[in-house]
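Below is one structure, written out as structure tokens, with a few remarks after it.
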Amino acid sequence: MADVDKSSKTEPPTEKKLSESRSKGQFAKAPEIGMTMTLLAGLLVILFWAPSKALDLVEFTRALFENLDSITATQEGVAHTMTHSYFAMALIVLPLLVSCFFASFVAEGLQTGFRFTPKAIEPKFDKMNPINGVKRVFGPKALKAFLVDFLKFFAIGSVVWLTLLIFLDDPIFYAVVDIKHLPQFIYKLFVVMFAILVLLLLIVAIINFMIKKKEHDDDMKMTKEEVKEERKSKEVSPEVKSAQRKKAMELLGGQGATDVATADVVVTNPTHYAVALRYEKGTDLAPVVVAKGENLLARRIKIIAAEHEVPMVENKPVAQTLFAIGKVGSPIPLELYQVVAEILALVYKTHAYYFHRLKARRLLAKPFAA
12 MADVDKSSKT
22 EPPTEKKLSE
32 SRSKGQFAKA
42 PEIGMTMTLL
52 AGLLVILFWA
62 PSKALDLVEF
72 TRALFENLDS
82 ITATQEGVAH
92 TMTHSYFAMA
102 LIVLPLLVSC
112 FFASFVAEGL
122 QTGFRFTPKA
132 IEPKFDKMNP
142 INGVKRVFGP
152 KALKAFLVDF
162 LKFFAIGSVV
172 WLTLLIFLDD
182 PIFYAVVDIK
192 HLPQFIYKLF
202 VVMFAILVLL
212 LLIVAIINFM
222 IKKKEHDDDM
232 KMTKEEVKEE
242 RKSKEVSPEV
252 KSAQRKKAME
262 LLGGQGATDV
272 ATADVVVTNP
282 THYAVALRYE
292 KGTDLAPVVV
302 AKGENLLARR
312 IKIIAAEHEV
322 PMVENKPVAQ
332 TLFAIGKVGS
342 PIPLELYQVV
352 AEILALVYKT
362 HAYYFHRLKA
372 RRLLAKPFAA
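Here the numbering used here is used: the first residue of the sequence shown is 12, the next is one more, and so on.
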């Protein structure tokens, strides 16, 4: 049954489902990405920060042992020595811890979009079900996880083997060397080992992330029935639509409707804004905003304009600017004179028949506007 349900999920997820999954903390994540970035951060600290501070620590330790006889065996003397010791260690350890923590945080954020999802840390009691636990252990996802873990184990083993091969010709393995050579050898060994490990884990992380992304995309897919149900839930009922139309009629009735019906042009967004303009030569010094609206009111303005064959021009920036700074009953702003003049010139040319009748219609409408 589960296979049938999964095979029926053929539709891409809607934005609503993706948003819900993100709020629950469901992302395509590969833990190896965090591991790789953490190791890389540690490697960079070891390369560029640790050597100089390690030398300082060596000098501090040498000075400490050389002056043991000068340390007073009192509470203050021991505390002073321990404080300096902790401070010397902190200069090495703290940058390493901070950089690793920051790298882990960035790795998690890159995979989740830096979203905080409290639901992800809520206890899920269904995971305590032993039957579900058995399914998780022996399911296909568990098999993929086992293969990835095996790949990681193989990568770590390969790193150790490759590192030994690289350093087999070092004198430390076949000759007596100075004790000063040991720290340098250990440092080089760790740097090479970390570098190879980061490289191999990066490959594993990319492979595992691709697997997790595919699994997540498959889980997010929807059936056709689910898509239909979601569309139905978004649809507005006829009662609500009727109330909206009634409200729009109330918002733009009487003189407002008459002004739109006798406007020279209606500039639209096209869906969100509509602004009706009038320019009556000999009366208006500049085009006048006679009506404006957004969303529902904009649709009402366009309906009235269409009923009376008022020219409509789609110009998003002009419509948005007119709606934002234009005032009903006042001339348009000075900075819009040029562009509005071009719009009027266009409609005068393409709608000559409308403007031939417009003067008479305005004369007939004036008694009703009184």
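All C-beta atoms in this analysis are idealised placements derived from N, C-alpha and C, irrespective of residue type, glycine included.
Where residue i falls, given that 16 or more other Cβ within 10 Å makes a residue buried
{"i": "Thr361", "result": "exposed"}
{"i": "Lys223", "result": "buried"}
{"i": "Tyr284", "result": "buried"}
{"i": "Asp275", "result": "buried"}
{"i": "Gly53", "result": "buried"}
{"i": "Val351", "result": "buried"}
{"i": "Gly337", "result": "buried"}
{"i": "Ile197", "result": "exposed"}
{"i": "Met221", "result": "exposed"}
{"i": "Ile214", "result": "exposed"}
{"i": "Ala380", "result": "Per-residue confidence for Ala380 stands at a pLDDT of 40, beneath the threshold of 50, marking its modelled position as unreliable; no derived number is given."}
{"i": "Leu409", "result": "Only positions 12 to 381 of the chain appear in this structure, which leaves residue 409 out of reach."}
{"i": "Leu347", "result": "buried"}
As assigned by DSSP and simplified to three states, the class of residue i
{"i": "Val188", "result": "coil"}
{"i": "Glu320", "result": "coil"}
{"i": "Ser104", "result": "In the sequence as presented, Ser is not what sits at residue 104; that position holds Val. In the structure shown, Val104 sits in a helix (DSSP, three-state: H, G or I)."}
{"i": "Pro344", "result": "coil"}
{"i": "Gly304", "result": "strand"}
{"i": "Thr234", "result": "coil"}
{"i": "Val89", "result": "helix"}
{"i": "Leu200", "result": "helix"}
{"i": "Val271", "result": "helix"}
{"i": "Val339", "result": "coil"}
{"i": "Pro62", "result": "helix"}
{"i": "Ala380", "result": "For Ala380, the predicted structure reports a pLDDT of 40, less than 50, and the residue's modelled location is therefore unreliable. The matter cannot be settled from this model."}
{"i": "Val15", "result": "With a pLDDT of 41 at Val15, under the threshold of 50, the predicted position of this residue should be treated as unreliable, though the coordinate-derived value follows. Of the three classes helix, strand and coil, the one that applies to Val15 here is helix, per DSSP."}
Where the beta strand (DSSP E) through residue i begins and ends
{"i": "Leu288", "result": "284-289"}
{"i": "Thr49", "result": "That residue, Thr49, is in no beta strand (DSSP E); its alpha helix (DSSP H) goes 42-59."}
Supposed close pair residue i, residue j - CB separation, criterion 8 Å
{"i": "Lys155", "j": "Ile103", "result": "The Cβ separation is near 39 Å, so there is no contact."}
{"i": "Val117", "j": "Met48", "result": "7 Å"}
{"i": "Glu320", "j": "Pro281", "result": "About 18 Å; that fails the 8 Å criterion."}
{"i": "Pro322", "j": "Val358", "result": "4 Å"}
{"i": "Ala287", "j": "Ile312", "result": "6 Å"}
{"i": "Leu200", "j": "Val170", "result": "Not confirmed; about 11 Å, so no contact."}
{"i": "Gln122", "j": "Phe38", "result": "6 Å"}
{"i": "Leu211", "j": "Met46", "result": "The Cβ separation is near 11 Å, so there is no contact."}
Extent of the continuous alpha helix (DSSP H) to which residue i belongs
{"i": "Glu31", "result": "26-34"}
{"i": "Val277", "result": "Careful: Val277 lies outside any alpha helix (DSSP H), inside the beta strand (DSSP E) at 276-279."}
{"i": "Val159", "result": "151-178"}
{"i": "Phe385", "result": "Shown here, the chain extends from 12 to 381; a query on residue 385 therefore has no answer."}
Rounded C-alpha distance that separates residue i from residue j
{"i": "Lys191", "j": "Ala74", "result": "17 Å"}
{"i": "Leu374", "j": "Asp270", "result": "12 Å"}
{"i": "Val15", "j": "Glu236", "result": "Note that Val15 has pLDDT 41, beneath the 50 cutoff, so the model's placement of it is unreliable and the number below is only indicative. Straight-line Cα distance between these residues: approximately 14 Å."}
{"i": "Pro298", "j": "Glu353", "result": "12 Å"}
{"i": "Thr234", "j": "Val329", "result": "43 Å"}
{"i": "Ile217", "j": "Ile44", "result": "8 Å"}
{"i": "Ala272", "j": "Ala317", "result": "9 Å"}
{"i": "Glu87", "j": "Val188", "result": "41 Å"}
{"i": "Val277", "j": "Pro23", "result": "39 Å"}
{"i": "Ala302", "j": "Thr332", "result": "14 Å"}
{"i": "Ser115", "j": "Glu305", "result": "46 Å"}
{"i": "Gly267", "j": "Ala309", "result": "12 Å"}
{"i": "Ala61", "j": "Phe178", "result": "22 Å"}
{"i": "Arg289", "j": "Ala335", "result": "18 Å"}
{"i": "Ala41", "j": "Phe127", "result": "18 Å"}
{"i": "Thr294", "j": "Leu345", "result": "18 Å"}
{"i": "Lys225", "j": "Leu173", "result": "32 Å"}
{"i": "Glu26", "j": "Ser32", "result": "10 Å"}
{"i": "Ile183", "j": "Thr72", "result": "25 Å"}
{"i": "Pro151", "j": "Lys35", "result": "23 Å"}
{"i": "Ser30", "j": "Val238", "result": "15 Å"}
{"i": "Leu55", "j": "Ala186", "result": "31 Å"}
{"i": "Leu107", "j": "Ile57", "result": "8 Å"}
{"i": "Tyr364", "j": "Lys20", "result": "56 Å"}
{"i": "Ala356", "j": "Leu307", "result": "29 Å"}
{"i": "Val69", "j": "Leu176", "result": "30 Å"}
{"i": "Asn219", "j": "Phe161", "result": "12 Å"}
{"i": "Ala101", "j": "His95", "result": "10 Å"}
{"i": "Gly120", "j": "Cys111", "result": "14 Å"}
{"i": "Met12", "j": "Met231", "result": "Its pLDDT being 40, under 50, Met12 is placed unreliably in this model, and the value from its coordinates should be taken loosely. Going from the Cα of Met12 to the Cα of Met231 covers about 18 Å."}
{"i": "Val202", "j": "Gln195", "result": "11 Å"}
{"i": "His367", "j": "Gly124", "result": "59 Å"}
{"i": "Asp180", "j": "Leu193", "result": "15 Å"}
Short CB-CB distance (under 9 Å) between residue i and chain C
{"i": "His367", "result": "No chain C is part of this structure, which consists of one protein chain only."}
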